[in-house]
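2 protein chains.
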Amino acid sequence: MAEPRVIIVGGGFGGLSAAKALRHSPAQIILIDRTNHHLFQPLLYQVATSVLSPGQIAAPLRSILHKQKNTTVILAEVTGVDVARKCLRVRDADHESALTYDDLVLSVGTSFSYFGHDAFAPFAPGLKTAADALEVRNRILHAFELAEAEENPGQHPELLTFVLVGAGPTGVEMAGAIAEMVRTTLKSDFRRIDPATTRVVLVDMAPRVLQTFAEDLSAAVHKRLEKMGVEIRLGFGVDQIDADGVVGGGGQRIPSRTVIWTAGVKPSPAGQWLNSATDRAGRVRVGPDLSLPGHPEIFVIGDTALVEQDGKPLPGVAQVALQEGHHAGTVIRRRIAGQPAPAPFRYHDLGNMAVVGKGYAIIETAHIHRSGFLVWLVWALVHVRNLALANLRVSVFLQWVWSYLSDQRGVRLIVEHKGGADG
Amino acid sequence: MAEPRVIIVGGGFGGLSAAKALRHSPAQIILIDRTNHHLFQPLLYQVATSVLSPGQIAAPLRSILHKQKNTTVILAEVTGVDVARKCLRVRDADHESALTYDDLVLSVGTSFSYFGHDAFAPFAPGLKTAADALEVRNRILHAFELAEAEENPGQHPELLTFVLVGAGPTGVEMAGAIAEMVRTTLKSDFRRIDPATTRVVLVDMAPRVLQTFAEDLSAAVHKRLEKMGVEIRLGFGVDQIDADGVVGGGGQRIPSRTVIWTAGVKPSPAGQWLNSATDRAGRVRVGPDLSLPGHPEIFVIGDTALVEQDGKPLPGVAQVALQEGHHAGTVIRRRIAGQPAPAPFRYHDLGNMAVVGKGYAIIETAHIHRSGFLVWLVWALVHVRNLALANLRVSVFLQWVWSYLSDQRGVRLIVEHKGGADG
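For the protein sequence lines, the chains are A and B, in the order given.
Last residue of the first sequence: 423 in the working numbering, with the numbers rising by one and none dropped.
Last residue of the second sequence: 1423 in the working numbering, with the numbers rising by one and none dropped.
Written as structure tokens, this is what we have:
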């Protein structure tokens, strides 16, 4: 009898964790992703703010899995699932093809949601892939260049205003990083403009920043951001984003040439592929073993899945995806080995962290609410440790030590595509 | 009286060197470049072959010059020169404007030349900017991904053939780097294809590789490349490049999906801006002080200039640009200070190097022809030492040590622009 074939779609935290759980299984594992790398998304904001290179937080999936001989990595895009025939439709550069599976794990993450306002997209890029981070980096650095080249000082305020739409972790971390950059790294690099006059505006419809954290931590972060010079506008619903800025909060306009979308995400279309029940956000409802009801061979994990625990849906964070991936992989592994299924999935919350500029972070666990410099050190260690490959750990660690000591940023690089010779 | 204004166009080796020579001058120095960074082009092939990140060989011009308070950096594109009015026309994102100058230094480098065959361009990208290197990196890595995803093994040879058109230093260095990568880094990363079956083909019309080097070194490199498995086709004139490969050498087709242009370059259009005498290649003829005949206030340096010494034109290499930039800057500095002009420009040749894979390089000076491992160590030290900023030196050095010891590459990253979520 041929070995069973397990297809895992998505090389993020969930998919990779599922693949690793199956490393000793007598099965043919196929990991499919659109990109050739596993991206460490929690540090993506550091790429967007010129601290790190994309290469420092992205590990080739093939490198991560090269010793795992039962696993093949395929770069392709999934276009649908034929649940009845147990068959996945994929497209690569050349053609469409179909792959049959015995077990399927879908861990396809999220994409931005402009909440029905797709017209905002060109004026407010989000932060999800390496290419997104480079685009945001280009825009931020370019704004300073345009201001420096602009001889009419009346235009400077608009060019030097950055608006972050959404005060969740990404918005808060971006706001802190930009506010810090203009007061340290860029301080003496311009002649016509003073980067310290930059406005960083963080807006959200919610009544407080970091709504998923406890109120005391949220208040501490609010205070810290204001101390760094970030303007925070809460209860601010965005009505319009265009080339001239943001309009919201009942008709106020914030003139700005650089708006960054740090708000909503929506799950990738796994629910549509499966034609299955989803919540309003589009997440697929799964059973206690993370499989699709009625389809024990299909697992949905990570940001794509709706898993409720103690009456609340689990949040869309890396840890949840990691633990779910491990669980789904274990269910499949035990089934192949003819062993009984493991106990139903249960998420163990190791705590949540967020970082606000240099030397300050917060942590919240079931028992601990802390903020400050020591938490920031823990944050840095945890994040370095969790990078997928040893060389990235060394590289990011050294880059951070250097940035910390020098107040410089390693990658202040505007790369315009379709560039030509210098001049 | 206002300070004289010196405009330098181009932040490459020549322009930066000219700006630095003027650092103590009582003048207003404006450095204009299309990009925000100085790119260390001799290592660009390492970005294209996944060893280094663009950020490791690119230093922000503002960082390099941030202590030089008499100098303003402007990100803009030059569109013309009004020689009679001493006025430079520039365009930035928003508008066109004009800048008057007292002295002008043009160091605007080169762009590719497909020798009249611009139709080759989409099928054979070249290597000049950071964006180019990322494009070439994407294509090389993508070729392996396509082959791995291709179930018809008949297609594999074409996908796994890389053709380098032009056996100068860039072609030789790229060929060596690709040949090495397939035999080490990628060795165990694929399941359907064997990267060691990759063909690397280096073609040139010339009768030998590295024509600008002496014959003995050229022969040594030829032997070394063949030992690494590179196919070399000399006297091979290219007639056609299309999506299926290269045709040349009297009708032979080399089927390949990845062709890289490592052949000709042409100077940027400084000759047209100035409406001045150029050689057939488009380089501007300058006098012994590097100024334009009849215009002592305009200097042309680097790859854009034709400077003859001992009856031969100086080559388009970094050292020539550096020394010319220093000379032009010195002429201007002394003129501003009311001092006599320096002696006519004379290039001091410190030797040329080229590297072929790991642990092998050649050097040629007036007295020395050497090749081998020790030369490679010297090559590595010289190149690390010449990076513009200290942090890049540390970063590249550590990356090389790690790559050398592990046979891995740090940045095997396909970044597709307009990417979305994983899947």
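Even for Gly, the Cβ is constructed at its ideal location relative to N, Cα and C.
Model, not experiment: these values are computed from the prediction.
For a contact defined as C-beta to C-beta under 9 Å, what are the partners of residue i on chain A?
| i | result |
| --- | --- |
| P1042 of chain B | Those within 9 Å of P1042 of chain B in chain A number zero; the least Cβ separation is about 15 Å. |
| D1092 of chain B | E145, L146, A149 and E150 |
Going along chain B, which residues have a C-beta under 7 Å from residue i?
| i | result |
| --- | --- |
| W402 of chain A | N1391 |
For a contact defined as C-beta to C-beta under 8 Å, what are the partners of residue i on chain B?
| i | result |
| --- | --- |
| T49 of chain A | Simply none; closest approach about 13 Å. |
| Q426 of chain A | The question about residue 426 of chain A has no answer, for chain A in this structure spans 1 to 423. |
Does the CB of residue i have a neighbour CB from chain B at under 8 Å?
| i | result |
| --- | --- |
| D216 of chain A | no |
| L22 of chain A | no |
| A76 of chain A | yes |
| A131 of chain A | yes |
| K418 of chain A | Residue placement at K418 of chain A is poorly supported in this model, since its pLDDT is 43, which falls under 50; the coordinates are not used for a value here. |
| T72 of chain A | yes |
| L290 of chain A | no |
| A206 of chain A | no |
| L134 of chain A | yes |
How many angstroms separate the CA atom of residue i from the CA atom of residue j?
| i | j | result |
| --- | --- | --- |
| Y101 of chain A | D1244 of chain B | 34 Å |
| A1084 of chain B | D1303 of chain B | 25 Å |
| H117 of chain A | R233 of chain A | 20 Å |
| H142 of chain A | V47 of chain A | 15 Å |
| A133 of chain A | V1356 of chain B | 34 Å |
| F1112 of chain B | P1042 of chain B | 16 Å |
| W1400 of chain B | K227 of chain A | 41 Å |
| R335 of chain A | S395 of chain A | 40 Å |
| I1008 of chain B | I1029 of chain B | 7 Å |
| N36 of chain A | A19 of chain A | 15 Å |
| V1200 of chain B | L1413 of chain B | 21 Å |
| H367 of chain A | L217 of chain A | 13 Å |
| G1287 of chain B | A388 of chain A | 57 Å |
| V1247 of chain B | R137 of chain A | 41 Å |
| G325 of chain A | W1379 of chain B | 47 Å |
| I301 of chain A | A321 of chain A | 6 Å |
| H156 of chain A | K187 of chain A | 16 Å |
Give the interface partners of residue i over in chain A, defined as CB-CB distance under 8 Å, in chain order.
| i | result |
| --- | --- |
| G1325 of chain B | By Cβ distance, chain A contributes nothing, its closest Cβ being about 13 Å from G1325 of chain B, past 8 Å. |
Excluding the 5 residues flanking residue i on each side, which residues of the same chain have their C-beta closer than 7 Å to its C-beta?
| i | result |
| --- | --- |
| V1073 of chain B | L1031, L1061, R1062 and L1065 |
| P1315 of chain B | T1212 |
| S1403 of chain B | V1051, R1409 and G1410 |
| T1071 of chain B | A1019, I1029, L1031 and L1065 |
| E1180 of chain B | M1228, G1357 and K1358 |
What residues of chain A sit near residue i, judged by a beta carbon separation below 7 Å?
| i | result |
| --- | --- |
| S1053 of chain B | S53 and G55 |
| H1066 of chain B | S188 and D189 |
| T1100 of chain B | Here the premise fails: no neighbours, minimum Cβ distance about 13 Å. |
| L1306 of chain B | In chain order: nothing, as chain A lies at least about 17 Å away. |
Which same chain residues, not among the five before or five after residue i, have their C-beta less than 8 Å away from its C-beta?
| i | result |
| --- | --- |
| A220 of chain A | I362 and S371 |
| R257 of chain A | A143, L146, E158, L159, T161, A243, D244 and G245 |
| E1308 of chain B | L1314 |
Give the interface partners of residue i over in chain B, defined as CB-CB distance under 9 Å, in chain order.
| i | result |
| --- | --- |
| R412 of chain A | N1036, H1037, G1055, A1058, A1059, P1060, R1062 and S1063 |
Shorter than 7 Å, the distance from the beta carbon of residue i to the closest heavy atom of the ligand ATP, or not?
| i | result |
| --- | --- |
| E1077 of chain B | Judged by which ligands are present, the structure shown has none, so any question about the ligand ATP falls away. |
Kindly say whether residue i, judged by its beta-carbon, lies nearer than 8 Å to any beta-carbon of chain A.
| i | result |
| --- | --- |
| V1006 of chain B | no |
| G1423 of chain B | With a pLDDT of only 29 at G1423 of chain B, under 50, the local geometry of the prediction cannot be trusted, and the value read off the model is given with reservation. Taking Cβ atoms only, chain A reaches closer than 8 Å to G1423 of chain B, which makes this a yes. |
| L952 of chain B | Outside the displayed span of chain B (1001 to 1423) sits residue 952 of chain B, for which this structure offers no information. |
| V1378 of chain B | no |
| V1415 of chain B | yes |
| L1141 of chain B | yes |
| T1184 of chain B | no |
When DSSP builds the beta bridges, which residues end up paired with residue i?
| i | result |
| --- | --- |
| E1077 of chain B | B:R1091 |
| T304 of chain A | BP columns for T304 of chain A are empty, so no partner. |
| G1245 of chain B | B:D1242 and B:P1255 |
| K1312 of chain B | B:Q1309 |
| P4 of chain A | P4 of chain A pairs with nothing; no bridge assigned. |
| P1060 of chain B | B:H1037 |
| D1082 of chain B | B:C1087 |
| S111 of chain A | A:K266 |
| I363 of chain A | A:M353 and A:R370 |
| I1029 of chain B | B:V1006 and B:T1071 |
| F1162 of chain B | B:V1200 and B:T1258 |
By Cβ distance below 6 Å, which residues in the same chain neighbour residue i in space, the five residues on each side in sequence not counted?
| i | result |
| --- | --- |
| A1263 of chain B | V1165 and G1166 |
| V108 of chain A | V9, G10, S268, A270 and T304 |
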